[in-house]
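Last residue of the sequence shown: 550 in the UniProt record's numbering, with the numbers rising by one and none dropped.
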Amino acid sequence: MTFDATDDLAFLPLGGTGEIGMNLNIYRLDGQLLAVDCGIGFGGADAPEAEILVPDPAWLSERRDRLVGLVITHAHEDHLGAVASLWPVLRCPIYASPFASAVLRRKLGEAGLMHEVTLHTLPLSTRVKIGNFDLQFLRVAHSVPEAQALAIRTRHGIVLHTGDWKLDPDPLIGEPTDEAAFAALGREGVLAMVCDSTNALVDGHSGSEADVRKALFELIASLKGRIAVACFATNIARVDSITRAALAAGRRVALFGRSLRNADAAARETGYFKDLPPFLEEDEAGYLPDDELLIICTGSQGEPRSALAKIAADTHPQISLGEGDTVIFSSRMIPGNEKAIMNVEAALYRAGCRVITPDSEHPVHVSGHPAKDELRRLYELVKPRHAVPVHGEWRHLQEHAALAKEFGATPHLIEDGDVLRLGPGQAEVAETVQSGKLAVDGPRLLPLDGAVLGARRRMLFNGVVVGSVAVDDQGRVVGSPQISAPGLFEPGEEEPIQIAADLARMVNDLPAPLRREDSALREAARSALRKAVGRRLKKRPLVELHLLRV
Numbered sequence: 001m002t003f004d005a006t007d008d009l010a011f012l013p014l015g016g017t018g019e020i021g022m023n024l025n026i027y028r029l030d031g032q033l034l035a036v037d038c039g040i041g042f043g044g045a046d047a048p049e050a051e052i053l054v055p056d057p058a059w060l061s062e063r064r065d066r067l068v069g070l071v072i073t074h075a076h077e078d079h080l081g082a083v084a085s086l087w088p089v090l091r092c093p094i095y096a097s098p099f100a101s102a103v104l105r106r107k108l109g110e111a112g113l114m115h116e117v118t119l120h121t122l123p124l125s126t127r128v129k130i131g132n133f134d135l136q137f138l139r140v141a142h143s144v145p146e147a148q149a150l151a152i153r154t155r156h157g158i159v160l161h162t163g164d165w166k167l168d169p170d171p172l173i174g175e176p177t178d179e180a181a182f183a184a185l186g187r188e189g190v191l192a193m194v195c196d197s198t199n200a201l202v203d204g205h206s207g208s209e210a211d212v213r214k215a216l217f218e219l220i221a222s223l224k225g226r227i228a229v230a231c232f233a234t235n236i237a238r239v240d241s242i243t244r245a246a247l248a249a250g251r252r253v254a255l256f257g258r259s260l261r262n263a264d265a266a267a268r269e270t271g272y273f274k275d276l277p278p279f280l281e282e283d284e285a286g287y288l289p290d291d292e293l294l295i296i297c298t299g300s301q302g303e304p305r306s307a308l309a310k311i312a313a314d315t316h317p318q319i320s321l322g323e324g325d326t327v328i329f330s331s332r333m334i335p336g337n338e339k340a341i342m343n344v345e346a347a348l349y350r351a352g353c354r355v356i357t358p359d360s361e362h363p364v365h366v367s368g369h370p371a372k373d374e375l376r377r378l379y380e381l382v383k384p385r386h387a388v389p390v391h392g393e394w395r396h397l398q399e400h401a402a403l404a405k406e407f408g409a410t411p412h413l414i415e416d417g418d419v420l421r422l423g424p425g426q427a428e429v430a431e432t433v434q435s436g437k438l439a440v441d442g443p444r445l446l447p448l449d450g451a452v453l454g455a456r457r458r459m460l461f462n463g464v465v466v467g468s469v470a471v472d473d474q475g476r477v478v479g480s481p482q483i484s485a486p487g488l489f490e491p492g493e494e495e496p497i498q499i500a501a502d503l504a505r506m507v508n509d510l511p512a513p514l515r516r517e518d519s520a521l522r523e524a525a526r527s528a529l530r531k532a533v534g535r536r537l538k539k540r541p542l543v544e545l546h547l548l549r550v
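#1: Hey, how far is the Cα of residue 214 from the Cα of residue 221?
#2: Would DSSP call residue 447 helix, strand or coil?
#3: Should the region 6–15 be called in touch with the region 416–436, which here means at least 3 C-beta pairs below 8 Å?
#4: Please specify which runs of the alpha helix (DSSP H), each continuous and at least 4 residues long, are wholly inside the region 455–540, giving them in chain order.
#5: For residue 210, which three-state DSSP category applies?
#6: Helix, strand or coil for residue 244 per DSSP?
#7: When DSSP labels each residue in this structure, what does residue 3 get in the three-state scheme?
#8: Where does the unbroken beta strand (DSSP E) through residue 374 begin, and where does it stop?
#9: Between the Cα of residue 151 and the Cα atoms of 545, 36, 369, which residue gives the shortest distance?
#10: Assign residue 3 to buried or exposed, taking buried as 16 or more other Cβ atoms, counted over all protein chains shown, within 10 Å of its Cβ.
#11: Secondary structure at residue 18, three-state DSSP: helix, strand or coil?
#12: Is the CB-CB distance between residue 464 and residue 541 below 9 Å?
#13: Consult DSSP for residue 420 and reduce its assignment to one of helix, strand or coil.
#14: Quick check on the DSSP output: the alpha helix (DSSP H) that includes residue 398 runs from which residue to which?
#15: In terms of DSSP beta bridges, what is residue 27 paired with?
#16: So within the region 236–306, which uninterrupted beta strand (DSSP E) runs reach at least 3 residues, ignoring any that extend past its ends?
#17: Alpha carbon to alpha carbon, what distance is there between residue 273 and residue 326?
#18: When the Cα atoms are used, what is the spatial distance from residue 299 to residue 370?
#19: Can you look up residue 175 in the DSSP assignment and give me helix, strand or coil?
#20: Residue range of the alpha helix (DSSP H) that residue 78 falls in?
#21: When the distance is taken between beta carbons, is residue 228 closer than 9 Å to residue 294?
#22: Can you pull the DSSP bridge partners for residue 410?
#23: What distance in whole Å lies between the Cβ atoms of residue 78 and residue 18, which are believed to be in contact at a cut-off of 8 Å?
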């Protein structure tokens, strides 16, 4: 039986298994498809030529006539950041909570799609029918407001899709995870649980936002000079805590970074931050005395174009930090971003700043994902027959699978593209379909193994050489060829001049009939340039040649 069958229940991840980020999950029920979440990932060290990655939607777009909707579980970038990029090839209705809808509207507006997309804003903890899918939303605590799990009721049984969650007794913004609702599902009987694995290797409990608030109040009150705090923009509870700690210490607060300003607008639109004063604009912050300013900024993951990266490099137009100032990283280090974060930290240390991270003696961050004790508690409540670990690296999935076994669940370790048929009959991987990653390049989506990004990889590691050659009507070189090789030569070096001379000689030595035909001459000249560069550099850069006949 294949995933295109019309009488079964199946689960297919197109992104989000074996790594952290880039979630795109597909459920099939009696011939219809439902997508859950649509997020981005980052290129990092594995794909330095691509800054932002999205799941390859080719398989799903071919079946979009059967796609009844896209449900967003919460407003983190790895769960909704790819919507604006992928919706044009999916073109289905979107369903989200008020806060996630507010975040999405800004993203869709920036992409010029707001008037095309049907965006349904659903109340929290609601139950709704979307095509064949009977969906119940369950409240969960996480590091963003209004995160929800999804119970999918089918004639084959209930599938619980947890999304990202934790058990926080005092999340500050929103209510704790609705354990009673999960227990009720357990009593009803759950066929399978598709569950967050991010912290499956972490013993104990993930900690509470209330503990971070207490630590931030104590820490910020003790500091002198300017303070900068880097955190995830949509962690509204954390932004709220930082702001209140600053106000209590007699400081005013400015937001630095577009994503923070967008998150602030979405939060105020949906009723959060009601009793907080407006944040300062970036251009106002520099006029305050040092001891009266705190800035909240983007860049906790070392993103090169973020506010904190510019501050660390002393290239930000509105603010600078130095001796006597403090930078607090109030976020976890996402795997793959270690080098970028350490580079930013090093630049801040060189500038004379004190740098405080979650590894310091100050508990300035807690995770939004469940540690082992929380996973155990959820299995006690839900009692699923089958467990599908997702959202984590492969080692996290394996640890989660071992824990699920302890509670009598049959674990299924699957990869992106694996079709897990859940019913009728035995749960098993029925087939594997196309999956992968695309790079976001402005309005385009480019395959990682395609010609464009392949050329960028070559340029990144071997450089690029561009030659310009003018020839007369007989194909003889006129004047001297011009060689441009950014990233390969220092200004004033002799090699480009020597390569130009080699190129002119090799072109003039070509047979006369070949020199009179433009396309043949251009290809021969490019080959000649490639050989000349190879002899001089012992490298194979990307080589292009412009031919002008005069």
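A virtual CB, placed ideally from N, CA and C, is assigned to each residue, including glycine. Every value quoted in this text rests on a predicted model; they were computed, and no experiment measured them.
Straight from the coordinates:
#1: Residue 214 sits at position 214 when you count from the first residue of the sequence shown. Residue 221 sits at position 221 when you count from the first residue of the sequence shown. The straight-line gap from Cα to Cα measures roughly 11 Å.
#2: As a working mapping, residue 447 is identified with position 447 in the sequence shown. Three-state DSSP puts residue 447 in a strand.
#3: The region 6–15, when compared against the region 416–436, does touch it at the 8 Å Cβ threshold.
#4: Listed in chain order, they are 495–508, 512–515, 518–537.
#5: Sequence index remark: in the sequence shown, residue 210 carries index 210 (1-based). Residue 210 sits in a helix when the DSSP states are folded into three classes.
#6: Mapped onto the sequence shown, residue 244 falls at position 244. The three-state reading of DSSP puts residue 244 in helix, counting H, G and I together.
#7: Taking the sequence shown and counting its residues from 1, the one referred to as residue 3 is at position 3. Per-residue confidence for residue 3 stands at a pLDDT of 46, beneath the threshold of 50, marking its modelled position as unreliable; the derived number appears in the next sentence. Coil at residue 3, not helix or strand.
#8: Your numbering for residue 374 matches position 374 in the sequence shown. From DSSP, residue 374 is part of no beta strand (DSSP E) but of the alpha helix (DSSP H) over 372–382.
#9: As a first step, residue 151 must be located in the sequence shown, where it is residue number 151. The candidate whose alpha carbon is nearest that of residue 151 is 36.
#10: As a working mapping, residue 3 is identified with position 3 in the sequence shown. Below a pLDDT of 50, predicted positions are generally treated as unreliable, and residue 3, at 46, falls in that range; the measurement from the model is reported next regardless. Buried.
#11: By 1-based counting over the sequence shown, the position of residue 18 is 18. Residue state, collapsed to three classes: strand.
#12: As a working note, residue 464 is residue 464 in the sequence shown. As a working note, residue 541 is residue 541 in the sequence shown. Yes, the Cβ-Cβ distance between residue 464 and residue 541 is below 9 Å.
#13: Mapped onto the sequence shown, residue 420 falls at position 420. Three-state result, residue 420: strand.
#14: Position 398 of the sequence shown, counted from the start, is the residue given in the question as residue 398. Counting along the chain, the alpha helix (DSSP H) containing residue 398 begins and ends at 394–406.
#15: Walking along the sequence shown from the start, residue 27 turns up at place 27. Answer by DSSP bridge pairing, in chain order: 11, 34.
#16: Taking only runs of at least 3 residues, the beta strand (DSSP E) segments lying wholly in the region 236–306 are 252–256, 293–297.
#17: Residue mapping note: residue 326 aligns to position 326 of the sequence shown, counting from 1. Residue mapping note: residue 273 aligns to position 273 of the sequence shown, counting from 1. Their backbone Cα atoms lie some 25 Å apart in a straight line.
#18: Taking the sequence shown and counting its residues from 1, the one referred to as residue 299 is at position 299. Taking the sequence shown and counting its residues from 1, the one referred to as residue 370 is at position 370. Taking the straight line from one Cα to the other gives about 24 Å.
#19: As a working note, residue 175 is residue 175 in the sequence shown. Here DSSP, grouped into helix, strand and coil, assigns residue 175 to coil.
#20: Taking the first residue of the sequence shown as 1, we reach residue 78 at position 78. DSSP places residue 78 inside the alpha helix (DSSP H), whose first and last residues are 77–80.
#21: The sequence position of residue 294 within the sequence shown is 294, counting from 1. The sequence position of residue 228 within the sequence shown is 228, counting from 1. Between residue 294 and residue 228, the C-beta spacing is below 9 Å.
#22: Against the sequence shown, residue 410 aligns to sequence position 410. Answer is 386, bridged to residue 410.
#23: One-based indexing of the sequence shown puts residue 18 at position 18. One-based indexing of the sequence shown puts residue 78 at position 78. Taking 8 Å as the upper bound for CB-CB distance, residue 18 and residue 78 are not in contact here, some 14 Å apart.
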